[in-house]
Amino acid sequence: MRPHDNRAWFLIAPACLLLALVGGLPLLAVVNYGFHDIFTLSDVHWVGVQWFADILGSDRFLASLGRSLLFSALALAIQVPLGIAVALLLMGYGRHAVWGLMLVALPLVVPWNMIPMLWLGLVQPQTGLIGPGLAALGFDWKFTGSHSWALILTMDTWHWLGLVVVLAYAGLFAIPPAFRQAAAIDGASRWSVFRHIELPRLGGALAIVFLLRFVDSFMIYTEAFAINAGGPQDATRFLSIELGEEIKGFSYGQAAARATLYFLIVLAVVWAFVAATRRREA
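The sequence shown lines up with residues 1308 to 1589 when you count with our numbering.
(1) Please name the residue in LEU1468, ALA1489, ILE1534 whose C-alpha comes closest to that of ALA1392.
(2) Between the Cα of GLY1355 and those of LYS1449, ALA1491, VAL1576, ALA1563, spot the shortest distance and give me the residue it belongs to.
(3) Mapping the DSSP letters down to three states, classify PHE1557 as helix, strand or coil.
(4) With DSSP collapsed to three states, give me the class of VAL1351.
(5) Residue range of the alpha helix (DSSP H) that GLN1488 falls in?
(6) Give a yes or no on whether the C-beta atoms belonging to PHE1501 and LEU1410 are separated by under 9 angstroms.
(7) What's the gap between the Cα of ALA1408 and the Cα of ASN1339?
(8) Kindly indicate which residue of HIS1454, GLY1560, THR1567, ALA1582 has the alpha-carbon position closest to the one of HIS1352.
(9) So, with DSSP's three-state summary, where would you put ILE1345?
(10) So ARG1520 is in the alpha helix (DSSP H); what residue range does that whole segment cover?
(11) Give every residue of the same chain whose Cβ lies closer than 6 angstroms to the Cβ of GLY1401, excluding the five residues on either side of it in the sequence, and list them in chain order.
(12) Could you check whether the segment 1513-1532 touches the segment 1436-1445, counting it as contact only if at least three pairs of C-beta atoms, one from each stretch, sit closer than 8 angstroms?
(13) If contacts are defined as beta-carbon pairs under 8 angstroms, then ILE1362 and ARG1565 qualify, I think. What distance do you get, rounded to the angstrom?
(14) Just to confirm before moving on: does the CB-CB distance between ARG1374 and PHE1545 stay below 9 angstroms?
(15) When you compare each of MET1398, PHE1342, LEU1334, HIS1454 to GLY1478 by their alpha carbons, which one comes out closest?
(16) In this structure, how does DSSP classify GLN1540 when only helix, strand and coil are distinguished?
(17) Rank PRO1432, LYS1449, THR1451 by C-alpha distance to the C-alpha of ALA1443 and give the top, closest one.
(18) My understanding is that ALA1382 touches VAL1473, with C-beta atoms under 8 angstroms, so please give their C-beta distance in whole angstroms.
(19) Using a 10 Å radius around the Cβ and a threshold of 16 neighbouring Cβ atoms, would you call HIS1403 buried or exposed?
(20) Between the Cα of LEU1571 and those of GLN1540, PHE1450, MET1526, spot the shortest distance and give me the residue it belongs to.
(21) Tell me the DSSP secondary structure of ARG1502 in three-state form.
(22) Give a yes or no on whether the C-beta atoms belonging to PRO1539 and THR1464 are separated by under 9 angstroms.
(23) Start and end of the alpha helix (DSSP H) containing ILE1319?
(24) Mapping DSSP to helix, strand and coil, what is ILE1437?
(25) Which first and last residues belong to the alpha helix (DSSP H) in which HIS1454 is found?
(26) If contacts are defined as beta-carbon pairs under 8 angstroms, then SER1455 and ILE1554 qualify, I think. What distance do you get, rounded to the angstrom?
(27) By the three-class DSSP mapping on this structure, what secondary structure does TYR1400 have?
(28) First and last residue of the alpha helix (DSSP H) that includes ASP1447?
(29) Which first and last residues belong to the alpha helix (DSSP H) in which GLY1428 is found?
(30) State buried or exposed for ALA1475, treating a residue as buried only when at least 16 other CB atoms are found within 10 Å of its CB.
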């Protein structure tokens, strides 16, 4: 057998070094600051695990964690099935599907800070394009928590559905035509084709979708802050809102500890998902 060639590591070494510089060093700095009380860069005092204990022992933290997990679960439950359905629909258009993909992917290029402004303009009761109709139906996103959630979920779905559609379409397009032809010869129904041929081969693409969308939706901030800044009555007070308030209040030590906890939570969820996926494949 030929000896194993490790020269490929030299090709990815620059990327690994860059990742360590822009990702690893800031992460270590944040973790370190989480054990200190920071007044200025020259006035830093060691407090140990005090910030971590205060955060974990807070009822507000547990409530915000529950809201963030619920929001991520709802976002995934809506966007993944809808994205797969749109991808299946576009598969029937053959070469012309590229126009549909471009259309659904268009919101992905809209800057994050512009999305809540765009939707707030649409739902204004007096001047918005759909605002008067929503007001006639009793929709009140300012003072009703469920309506605020509905608006934020709609914005998030509008923004990120294109990512799900593109990845699902790529997975469907990669399936060899022979599989569908064999199923057609056997007289399989459309549901049987999707369940036994298409869905199992979408596993890789869907795993990427779940990971990317969970991480992003779990730490949603721009939309929730611009819509109601955590209100009404803390109904949209997610983990990111808590972190943003501490940063704006110059509580950098506590904010660093909170950011470290958030990183560990996301890391734990991602690890559990990857472990479950590997166990299922084995």
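Here a beta-carbon is modelled for each residue, glycine too, at the ideal position from N, C-alpha and C.
Nothing here was measured: the structure is a model prediction, and the numbers come from that model.
Based on what the coordinates show:
(1) Here the question's residue 1392 lines up with position 85 in the sequence shown. It is LEU1468.
(2) In the sequence shown, the residue the question calls residue 1355 occupies position 48. Among LYS1449, ALA1491, VAL1576, ALA1563, the Cα nearest to that of GLY1355 is on ALA1563.
(3) In the sequence shown, counting from the first residue as 1, residue 1557 sits at position 250. In this structure, PHE1557 counts as coil in the three-state DSSP scheme.
(4) The count along the sequence shown starts at 1 and reaches residue 1351 at position 44. Reduced to three states, the DSSP call for VAL1351 is strand.
(5) For the purposes of this step, residue 1488 is taken as the residue at position 181 of the sequence shown. 1484-1492 is the extent of the alpha helix (DSSP H) around GLN1488.
(6) Along the sequence shown, read from residue 1 onward, the residue named residue 1501 stands at position 194. Along the sequence shown, read from residue 1 onward, the residue named residue 1410 stands at position 103. Going by C-beta atoms, PHE1501 is not nearer than 9 angstroms to LEU1410.
(7) One-based indexing of the sequence shown puts residue 1408 at position 101. One-based indexing of the sequence shown puts residue 1339 at position 32. Per the sequence shown, the amino acid found at residue 1408 is Leu instead of Ala. Looking at the two C-alpha atoms, the distance is approximately 44 angstroms.
(8) Residue mapping note: residue 1352 aligns to position 45 of the sequence shown, counting from 1. That would be GLY1560, whose Cα lies nearest to the Cα of HIS1352.
(9) Stepping through the sequence shown from its first residue, residue 1345 is reached at position 38. Strand.
(10) Residue numbering aside, residue 1520 sits at position 213 when the sequence shown is read from its first letter. Residues 1510-1525.
(11) Taking the sequence shown and counting its residues from 1, one reaches residue 1401 at position 94. Answer for GLY1401: no residue qualifies.
(12) no
(13) Here residue 1362 corresponds to residue number 55 of the sequence shown, with the count starting at 1. Here residue 1565 corresponds to residue number 258 of the sequence shown, with the count starting at 1. Indeed, because the Cβ distance is near 6 angstroms, the residues count as touching under 8 angstroms.
(14) By one-based count along the sequence shown, residue 1374 stands at place 67. By one-based count along the sequence shown, residue 1545 stands at place 238. Yes, the pair counts as a contact, with Cβ atoms nearer than the cut-off.
(15) The sequence position of residue 1478 within the sequence shown is 171, counting from 1. Comparing Cα positions, the closest option is MET1398.
(16) Taking the sequence shown and counting its residues from 1, one reaches residue 1540 at position 233. Three-state DSSP puts GLN1540 in coil, outside helix and strand.
(17) Start at 1 with the first residue of the sequence shown, and residue 1443 comes out as number 136. It is PRO1432.
(18) By 1-based counting over the sequence shown, the position of residue 1382 is 75. By 1-based counting over the sequence shown, the position of residue 1473 is 166. Their Cβ separation, rounded to whole angstroms, is 17 angstroms, which puts ALA1382 and VAL1473 out of contact at 8 angstroms.
(19) Residue mapping note: residue 1403 aligns to position 96 of the sequence shown, counting from 1. Flag for HIS1403 reads exposed.
(20) Within the sequence shown, the letter at position 264 stands for residue 1571. Comparing Cα-Cα distances from LEU1571 to each of GLN1540, PHE1450, MET1526, the minimum goes to MET1526.
(21) On the sequence shown, position 195 is the one that residue 1502 refers to. Helix, per DSSP.
(22) The sequence position of residue 1539 within the sequence shown is 232, counting from 1. The sequence position of residue 1464 within the sequence shown is 157, counting from 1. The answer is no: Cβ separation not under 9 angstroms.
(23) Indexing the sequence shown from 1 puts residue 1319 at position 12. Element bounds for ILE1319: 1315-1326.
(24) The count along the sequence shown starts at 1 and reaches residue 1437 at position 130. In the structure shown, ILE1437 sits in coil (DSSP, three-state: anything other than H, G, I, E or B).
(25) Looking up residue 1454 in the sequence shown gives position 147. Counting along the chain, the alpha helix (DSSP H) containing HIS1454 begins and ends at 1452-1480.
(26) On the sequence shown, residue 1455 is found 148 positions in, with the first residue counted as 1. On the sequence shown, residue 1554 is found 247 positions in, with the first residue counted as 1. Actually they are not in contact, since the Cβ atoms of SER1455 and ILE1554 sit about 23 angstroms apart, beyond 8 angstroms.
(27) By one-based count along the sequence shown, residue 1400 stands at place 93. Coil, per DSSP.
(28) Residue numbering aside, residue 1447 sits at position 140 when the sequence shown is read from its first letter. Careful: ASP1447 lies outside any alpha helix (DSSP H) and carries neither H nor E.
(29) In the sequence shown, residue 1428 corresponds to position 121, counting from 1. Counting along the chain, the alpha helix (DSSP H) containing GLY1428 begins and ends at 1421-1430.
(30) Within the sequence shown, the letter at position 168 stands for residue 1475. Burial call: buried.
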